[in-house]
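Residues 413 to 617 (our numbering) are what the sequence shown spells out, left to right. Glycine included, every Cβ here is placed at the ideal spot set by N, Cα and C. Bear in mind that the values here come from a model prediction, so they are computed numbers and not experimental data.
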Amino acid sequence: MNLDTPQLIAIAAALGWASGLRLYAVLFFTGAAGWLGWVALPPGLLLLQNPWMLGASGLMLALEFAADKIPGVDTLWDLAHTLVRIPAGAALAAAVFSGQTGVDPATWSAIAAVLGGALAATAHAAKATTRAAVNTSPEPFSNIALSLAGDAAVPTLLWLSWTHPAVFFVVLLLSLALGVALIVLLAGFLRGLWTRLRPRRLGAA
């Protein structure tokens, strides 16, 4: 399969955005799709289909799947991965253009790294903020529902970027708008909640 520049951009954007949601799912699903021959991975992503890499990313995927379903643990997991998802999203996006012909790999890799890092940061911030806000509710069902939605979103976005790039870009723009709105609204909610709880904690102390 010959990938043209718009499709490469779509794949880079999908890898960046999805890495902010589920990094290990991105690594495993992308590598598995290449290993099974479902898609032709760009040269810079061929490492992901190595059996050892698939084993490692599959193990981390299983751990993340479980951790993301437990209120409180999911927030700690997100916090621990703040410094992992964003650079990984940038690196994966840049790798899409590594070894490509017909484009300037160095220039496009640099552009993709900036794009991928920014998308990963936005997705991660939206996810972490939303899950932290949902964790203020005592019932676990909304938390699990949101986690399952994230599990489904990653393979869907990756599939769209390879098969329907134009549709993917529409979905990405809508996701960006929703993500920014959630960050703004829920960050304010969390700040207000912290302000209300802080005097009580100080008084109890």
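Rounded straight-line distance, which links the Cα of residue j to that of residue i
i	j	result
A507	I523	11 angstroms
L585	M472	29 angstroms
A444	I421	21 angstroms
D480	W489	8 angstroms
P463	L597	42 angstroms
L466	L460	7 angstroms
Burial state of residue i, where buried means 16 or more other Cβ atoms lie within 10 Å
i	result
A561	exposed
V579	exposed
S549	exposed
S554	exposed
6 angstroms Cβ shell around residue i - same chain, five flanking residues per side excluded
i	result
L569	A426, A430
A437	L473, V566
A502	A525, G528, G529
G470	F440
I423	V508, S573
Element boundaries [alpha helix (DSSP H), containing residue i]
i	result
N547	Run containing N547: none; DSSP gives neither H nor E here.
I482	Segment: none, I482 is in no alpha helix (DSSP H) and carries neither H nor E.
Residues near residue i in its chain [Cβ-Cβ closer than 7 angstroms; skip 5 each side]
i	result
S521	A506, F509, S510
Nonlocal neighbours in the same chain, by C-beta distance under 8 angstroms from residue i, ignoring five residues either side
i	result
I556	K481
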